[in-house]
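Numbered by mature numbering (1 follows the signal peptide of the UniProt record, and there is no 0), the letters in the sequence shown go through residues -20 to -1, 1 to 213 in order.
Data first, discussion second: the structure below is written as structure tokens.
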Amino acid sequence: MGLFQFVSFIGLFVLARTYASDSTIDNDPNERGNLYIDKLIEDIIETRGDEFDPYKLGESVFGFYKKILFVNVSCEVRLRSGYLRGLKTLHRTGDSYLTEQGDKLVVRATLGSGALDFKYEGSIKFLNIGPSITVAGNLAYIEVMIEFSVDSKTGRNGSLHEFFIEDIRDMNVWVSGLGPFNWALNPIIKGAKKIFKTYLKNLLESKIQFYIEERLPNFQFPVEGLYSVKSTP
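Right under this line is the structure:
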């Protein structure tokens, strides 16, 4: 075999392998689903990321009781100037699952985000006295389930079916500034965890979910192959 024939053979072999690889990707529904999910997440982060991360946490108040000489005395904890950081780490955790149901393409996937951290300034009042405190914490990871569908012929008219927190892992909370009120540590940690989970749930399952519901109908997904995805104004 001459040099020209050999080079031609190698070139044809490489082209054949490349075409076969591209065809496999184009025909793999999971790969198409992955692209749909990744582009949607990219749109969320690029368009609204600065609004969601860092995210301002509103003022919160909760109370508990301490027993003194057989009498329950109320304590009040007030948290303010809070923020949550880390939501821009939102990503797809594995392959998505894409199926065709009638005239719809349905995509289902698990998203993840972490680590997240939060911090509050606040105060505790017991018998109308008490110090200023700082409450800080972090969350190792959250998992979010998402499912939506688009028109199989046009790749438009998207509709969100599900978007909810599936798992919250390893939350830790620290409180500083208690001084002689250190006996209130555990109730404050318990209350802060509950408040943070409520804010996190509201942020993801309300604000971000609402944005996706608003965005999907005008988002253009590919109908065939892995070509560029774009959204329309």
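Where a beta carbon is used, it is the ideal one built from N, C-alpha and C, also for glycine.
Residue pairing for residue 63: DSSP places it in a beta bridge opposite 36 and 99. Distances from the CA of residue 135 to each of 51, 201 and 120 were compared; the closest alpha carbon is that of 201. Straight-line spacing of the CA atoms in residue 91 and residue 32 works out to 16 Å.
In the same chain as residue 17, and ignoring 5 residues on each side of it, the C-beta atoms closer than 6 Å to its own belong to 72, 76 and 89, in chain order.
A distance of 8 Å or more separates the beta carbons of residue 113 and residue 87. If you draw a straight line from the Cα of residue 95 to the Cα of residue 50, it comes to about 43 Å.
The C-beta distance from residue 65 to residue 102 rounds to 18 Å, too long to fall under 8 Å, and the pair is not in contact.
Counting along the chain, residue 126 sits inside the beta strand (DSSP E) bounded by residues 112 to 131. Partner residues in the beta bridge of residue 92, as assigned by DSSP, are 71 and 123.
Between residue 196 and residue 139, the C-beta gap is smaller than 8 Å, which places the two residues in contact.
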